[in-house]
Amino acid sequence: MKKISIIGCGTIGTAIGGYIEKKFKGKVGPVLLYDQDASCAQKLSSIITGSKIAKDMKDAIKNSDLIVEAASASAAGDVLKGVIDAEKDAIFMSIGGLLGQESLLDEAEQKGIKIMLPSGAVAGIDALKAAKISGITSVRLTTRKPPKALTGAPFILEKGIALDEIKEETVIFKGSASEAMKGFPKNINVSALISLAGLGPDATLVKIVVSPAYSKNTHEITVESNAGNFLMRTENVPSPDNPKTSYLASLAAMATIDGYFRNVRIGT
Ligand SMILES: NC(=O)c1ccc[n+]([C@@H]2O[C@H](COP(=O)([O-])OP(=O)(O)OC[C@H]3O[C@@H](n4cnc5c(N)ncnc54)[C@H](O)[C@@H]3O)[C@@H](O)[C@H]2O)c1
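Here the numbering used here runs 12 ahead of the position in the sequence shown, where the first position is 1.
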């Protein structure tokens with residue numbers, strides 16, 4: 013029986029834990045939980061039958077077959093190093109934390125370690141991956157959010173933008189994914205994912221638009237390639253218990269766990 017550990021027991025980790033309990037109870041070994049805030053791991057443990065709390069991150073990695081990282085960008089690098097050393101498979105949600113770690117991803121590839129990056133809050137990674145084989149000429153991301161979603165972002169502070177004074181649809185930022193990730197580090201997962209799947213962070217173009225009329229986070233990915241052009245749009249509903257995390261992101265992690273255990277796979 014495969015053993016799963018969850019590192020980071022917040023919104024996504026808890027949703028995944030609940031899913032494992034519902035779908036894989038009795039089919040996987042005891043689930044191991046680790047969170048830097050012990051109370052979060054304890055709370056999640058109470059809803060997963062037979063689950064155990066790991067001593068630390070190393071313990072969680074060493075004693076499981078599949079590690080699900082749902083902690084933070086800064087934890088993701090440590091988890092990646094840990095799973096490569098221990099030769100364990102892993103699913104990463106904090107994809108921004110993997111940028112700059114491409115040599116470790118290559119090492120995982122060479123060692124036969126499965127590293128899975130769910131599509132998270134966006135659609136279209138399947139088409140992007142397929143189109144890449146033909147040659148991609150352009151990848152553009154337009155993200156639309158309510159102004160308050162960008163509160164505290166370094167770019168907003170540096171430019172002295174008064175988010176609460178924005179009354180209409182406004183383009184706040186246009187630049188490369190690398191620049192977007194520096195200016196908006198808490199919103200980096202989508203840019204990081206499409207950069208890793210497509211043309212890299214310097215050649216991926218990002219536009220961030222805000223409006224007080226937006227109630228949902230929307231992502232549009234436009235791809236031009238030798239196989240044709242695509243426009244993928246996702247209008248995300250927030251997670252029921254954390255408005256900052258798109259519901260689709262938790263669901264994408266669940267679908268990735270399903271895929272890990274399946275022999276018949278549908279979609280690219
Ligand atoms: N790929 C995507 O589309 C996508 C979408 C949303 C969120 N995310 C990312 O997934 C991660 C989890 O998101 P969330 O909404 O569940 O966040 P959350 O804040 O609800 O939960 C994160 C949990 O991880 C714990 N944690 C943080 N750093 C840790 C560390 N170093 N070691 C152990 N535990 C640690 C925290 O205590 C917290 O309980 C974040 O990095 C977030 O950016 C990815």
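The beta carbon of each residue, even a glycine, is placed where N, CA and C say it ideally should be.
Run of the beta strand (DSSP E) containing N238, from where it starts to where it stops:
First-last for N238: undefined, no H or E at that position.
Best match in G210, M13, D49 and A53 for proximity to I28 [C-alpha to C-alpha]
A53
Answer with buried or exposed for N201, where buried requires no fewer than 16 other C-beta atoms within 10 angstroms of its C-beta.
buried
May I ask you to check if the CB of P130 is nearer than 7 Å to at least one heavy atom of ligand 1?
yes
Nonlocal neighbours in the same chain, by C-beta distance under 8 Å from K15, ignoring five residues either side
V40, G41, P42, V43, L44, N75, S76, D77 and L78
Count the other CB atoms within 10 Å of the CB of I206; is the residue buried (16 or more) or exposed (fewer)?
buried
Taking the alpha-carbon of K34 as reference, which of S51, I18, Y46 and T61 has the nearest alpha-carbon?
T61
Below 7 Å, is the gap between the Cβ of E20 and the nearest heavy atom of ligand 1?
Correcting the residue type first, residue 20 is Gly in the shown sequence and not Glu. Answer for G20: yes, Cβ within range of ligand 1.
Less than 6 Å between C-beta atoms, sequence neighbours within five positions excluded: which residues of the same chain meet that for G108?
A85, I200, N201 and A204
Enumerate, from N- to C-terminal direction, the unbroken alpha helix (DSSP H) stretches of 4 or more residues contained entirely within the stretch 246 to 277.
259 to 273
Between which two residues does the alpha helix (DSSP H) harbouring L140 extend?
I137 to S146
Kindly examine ligand 1 and report whether one of its heavy atoms sits closer than 7 Å to the Cβ of A82.
yes
Tell me, to the nearest whole angstrom, how far the beta carbon of A11 is from that of A239; I am working on the premise that it is less than 8 Å.
Because the chain in this structure spans residues 13 to 280, residue 11 falls outside the shown range and cannot be described.
Closer than 7 Å: D59 CB and nearest ligand 1 heavy atom:
Note on identity: in this sequence residue 59 is Ile, with Asp being the wrong assignment. No, the Cβ of I59 stays beyond 7 Å of every heavy atom of ligand 1.
What are the start and end residues of the beta strand (DSSP E) that includes E81?
L78 to E81
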